[in-house]
Structure formats: C-alpha cells, structure tokens
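Participant: One point on numbering: in the working numbering, the residue at position 58 of the sequence shown is 134, and numbering is uninterrupted.
Glycine included, every Cβ here is placed at the ideal spot set by N, Cα and C.
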Amino acid sequence: MIQVLKPFAQWMASTDWFLRVGPRFVPKLDRALYRLTRGKMISSDRVVPSLVLITTGARTGQRRHSPLACRPEPGGGFLVVGSNFGREKHPAWTGNLMKTPEAAVTYKGREIPVRARLLTGEEREAAWRGLVEQWPLYNRYVETAGGRELRVFRLTPR
77 MIQVLKPFAQ WMASTDWFLR VGPRFVPKLD RALYRLTRGK MISSDRVVPS
127 LVLITTGART GQRRHSPLAC RPEPGGGFLV VGSNFGREKH PAWTGNLMKT
177 PEAAVTYKGR EIPVRARLLT GEEREAAWRG LVEQWPLYNR YVETAGGREL
227 RVFRLTPR
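(1) What is the C-beta distance between residue 85 and residue 123, in whole angstroms, given that I count them as a contact (C-beta under 8 Å)?
(2) Going by beta carbon distance, what residues of the same chain come within less than 6 Å of residue 162, once the five residues before and after it are set aside?
(3) Leaving out five residues on either side along the sequence, give the residues of the same chain with a beta carbon under 7 Å from the beta carbon of residue 77.
(4) Let me know the secondary structure DSSP gives residue 91 once reduced to three states.
(5) Report the rounded CA-to-CA distance for residue 148 versus residue 140, giving the unit in angstroms.
(6) Pull the bridge partners of residue 190 from the DSSP assignment, please.
(7) Which same chain residues, not among the five before or five after residue 194, have their C-beta less than 7 Å away from its C-beta?
(8) Tell me which residues share the same chain as residue 240 and place their Cβ nearer than 8 Å to its Cβ, disregarding the 5 neighbours each side in the sequence.
(9) Residue 181 to residue 92, Cα distance in whole Å?
(10) Entirely within the segment 102-165 and at least 3 residues each: give me those beta strand (DSSP E) ranges in chain order.
(11) What residues are listed by DSSP as bridge partners for residue 227?
(12) Could you please give the first and the last residue of the uninterrupted alpha helix (DSSP H) stretch that includes residue 207?
(13) Pull up the distance between the alpha-carbon of residue 186 and that of residue 114, whole angstroms please.
(14) For residue 133, collect the residues of the same chain with a Cβ closer than 7 Å to its Cβ; drop the 5 residues on either side in sequence, then sort them by chain order.
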C-alpha cells in the first residue's frame, strides 16, 4: 500500500494547487494526529520518514512543534530541509534553530534531544543528493522558492 501511496503523494505534492493549499492543511493535520497519538504518528510518515522538531521560538522563547520530513542517518541523527513547501520565505523553525541549536525531535514516539547544525558547501551538497533521492520534490521546491537556498540541517543526538 505504501509503495503505491508514495508516487501518488509525490505527484500530488508537486502540483501548483497543492503548493498553494498544502502549507495550510498538512502541518495542521500532522499536529492534530501527533496530539491524538501522543507523538507516535504523523500523516506524512506514511509517505516519507518524518519527525516532529521541537525548537525554542527565536522571539518568544516558547516551545514550537514543527512536523517535518527527515532523512534518518546512521548513528541516530537526521537531516531536515527548510523547504516551506517551496515558498519564498524560510520557515520559522529554521530561524529558531539558528538562534538556539539545542532542540529535540519526536521520532517514532520517542523524544530525542538534538543539536542542529546548518550545512554548507560540499557537506550540504552531499546531504542534498541523499535528500532529493528520498524525496525528489525538493527540486521542485527550489524552483518555486524565489531564488532562496533551502536550508539543510543535520540534527545530532546530544
């Protein structure tokens, strides 16, 4: 079932309609499912590995929960992309990590403290290749992001 769902989800997520509407409902759906299942599930996880990133708000100091696609790495770390569905502005969670890199993720129902590091140069390029291999739609997001470079972070367990 999942093997059939992934190509369909990639096609749907690449449509202009979804790029306009998806950012309004997918995060809300993921947050609701996350709350209902007490952190064990988010809808995106059926299509691409996903986690909930818990950051400290850069301006408010409040805890912020952001459902995100991720690429799990050996050793328990994760790669995440600030795609914001290809919108022109960086998502707020990326600014939160840049100000306070200590964060946490909920992955498969487990909360894991992490430290974030923004990737640049060759390290970013190598990570980007793996991310696009997993979710080719990231290339579409680059086209629609108004020229901004999508931020890529490595989240390492603390």
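Facilitator: To lay it out plainly:
(1) 4 Å
(2) 95, 217, 220, 221
(3) At residue 77, the pLDDT of 44 sits below 50, so the modelled position is not reliable; the number obtained from the coordinates is stated separately. So no residue of the chain qualifies.
(4) In this structure, residue 91 counts as coil in the three-state DSSP scheme.
(5) Rounded to the nearest whole angstrom, the CA to CA distance from residue 148 to residue 140 is 21 Å.
(6) 179, 233
(7) 174, 227, 229
(8) With the chain covering only 77 through 234, there is no way to say anything about residue 240.
(9) 30 Å
(10) If we require 3 residues or more, the beta strand (DSSP E) runs fully inside the segment 102-165 come out as 126-132, 139-145, 154-158.
(11) 158
(12) 197-210
(13) 10 Å
(14) 140, 172
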